[in-house]
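Protein chains in written order, with numbering that gives the first Met the number 0: chain A, 0 to 149; chain B, 0 to 79.
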Amino acid sequence: MITLSSDAIDPGALLNGFCAGRAATGAVASFTGLVRDEGGEARALELEAYAGFAETAISKAADAAAARFDLQDVLIVHRLGRVEVGEAVVFVACAAAHRRAALEACDHLMDYLKSRAPFWKKSHGPGGARWIEPTDTDLADARRWDQETT
Amino acid sequence: MAKVLLFGRLADVAGWRERELVLPPSLTSLRDRLAGEDPALGAALSGPGVQAAVDQVLTRGDAALAGVSEVAFLPPMSGG
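#1: Are the stretch 58–66 of chain A and the stretch 104–114 of chain A touching, with three or more C-beta to C-beta distances below 8 Å?
#2: Take A/Gly-51 and list the residues in its own chain whose beta-carbon comes closer than 7 Å to its own, dropping the five residues that flank it on each side.
#3: Counting only beta-carbon atoms, is A/His-107 nearer than 8 Å to chain B?
#4: Could you give the distance in angstroms between the alpha-carbon of A/Leu-190 and the alpha-carbon of A/Val-27?
#5: If we call anything under 8 Å between Cβ atoms a contact, is A/Gly-124 one with A/Glu-40?
#6: What do you reckon, are the CB atoms on B/Ala-71 and B/Ala-51 nearer than 8 Å?
#7: Looking at A/Ala-189: is its Cβ nearer than 8 Å to the Cβ of A/Phe-68?
#8: According to DSSP, is A/Thr-134 part of a helix, a strand, or is it coil?
#9: Bridge partners for A/Asp-36 per DSSP, in chain order?
#10: CB A/Leu-13 to CB A/Leu-79, shorter than 8 Å?
#11: Does chain B have any CB closer than 8 Å to the CB of A/Asp-9?
#12: Please tell me whether A/Glu-83 has its Cβ less than 8 Å away from any Cβ of chain B.
#13: Distance check for A/Lys-121 and A/Ile-8, CA to CA, integer angstroms please.
#14: Going by Cα to Cα distance, which pick from A/Ala-92, A/Arg-81, A/Asp-106 and A/Glu-103 is closest to A/Val-34?
#15: Drop a sphere of 10 angstroms on the beta-carbon of B/Pro-74, count the other beta-carbons inside from all chains shown, and report buried for 16 or more, exposed for fewer.
#16: On a CA-only basis, which of A/Arg-42, A/Gly-25, A/Phe-17 and A/Gly-20 is nearest A/Arg-98? Give me that one, please.
#17: Determine the contact status of A/Asp-36 and A/Val-84, defining contact as a CB-CB distance below 8 Å.
#18: Which residue marks the beginning of the beta strand (DSSP E) containing B/Leu-26, and which one marks its end?
#19: Along chain C, in chain order, which residues have C-beta atoms closer than 8 Å to that of A/Phe-118?
#20: Check whether chain A comes within 8 Å of B/Ala-43, counting only Cβ atoms and requiring the distance to be less than that.
#21: Compute the Euclidean distance between the alpha carbons of B/Met-76 and A/Pro-117, then round it to the nearest angstrom.
#22: Use the C-beta contact count for B/Gly-66: other C-beta atoms within 10 angstroms, 16 or more gives buried, fewer gives exposed.
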C-alpha cells in the first residue's frame, strides 16, 4: 500500500500494524527516514508531489520490487508538505518469507524513493529556502540495482 | 476548460501552481502561449530536464491537446 500524506508518521504504530496477523511471513524489514538538521543548515523539508501521478509511479516501483524480491507485502508511507527536523519523512516496510529478501527490498525501495520517485523537495534553513536535486550518492545507490541481476 | 499544473521551481518562477485554461491545440502552442505571457516561465519551461505530462502520462515532444483535461509541467524530480 502506498500513502502520500501531510499527516505525521508514527513508525512504531505502522510497523506494529504491518506485522499483525501474518502466518506465512518470516521477516519484516522496515526503514524510517528522518529529516536531518544538516549541522544547523536545515530546519525543515517541504515535499511536493503530483497527486495521482506520484502514487502510480511509486506503486509500479513497489510492484516491481515485490516481484523481484518475492515479497508478500509492501507498505510505503511518505510525507508531503512541510516536515520539521527530527520528524519522519518516509516509512517503508517489506514482508517476506526470509530476512534477506525483506532487507534487500527495503534498501532497494529506499534507493528508488531517494533518487527516482517523483517528488520535488525544498530545504528551509536559516539562509532561506532552496530546491534540492538528488545527490551523486543517491544516483549511484540507485544504479547499483540496475547492474545486479536477480 | 482544462487544468494546467506547475510543480517545484516552475511554480515559484510563475507565481502560480494551477490555472484553468482553454487549451490551445498542441503542447508546443501551450508552451508558446505561457512563454508569451511570462518570459521567465517560458525560459524555465525550456530548461534542462523539464518534462510534460498530459492527463498524467509523461509525453515526449509535441502532443495534441484536444479533449485533454490536465497538463502538468514537471521540473527534474528530486526524490523524497
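Glycine included, every Cβ here is placed at the ideal spot set by N, Cα and C.
This is what the structure holds:
#1: yes
#2: none
#3: no
#4: Because chain A in this structure spans residues 0 to 149, residue 190 of chain A falls outside the shown range and cannot be described.
#5: yes
#6: yes
#7: One cannot answer for residue 189 of chain A here, as it falls past the ends of chain A, which runs 0 to 149.
#8: coil
#9: Bridge partners of A/Asp-36: none, in fact.
#10: no
#11: no
#12: no
#13: 19 Å
#14: A/Arg-81
#15: buried
#16: A/Gly-25
#17: yes
#18: Element bounds for B/Leu-26: not the beta strand (DSSP E) but the alpha helix (DSSP H), 26–36.
#19: Structure shown: chain C not included; protein chains present are A and B.
#20: no
#21: 5 Å
#22: exposed
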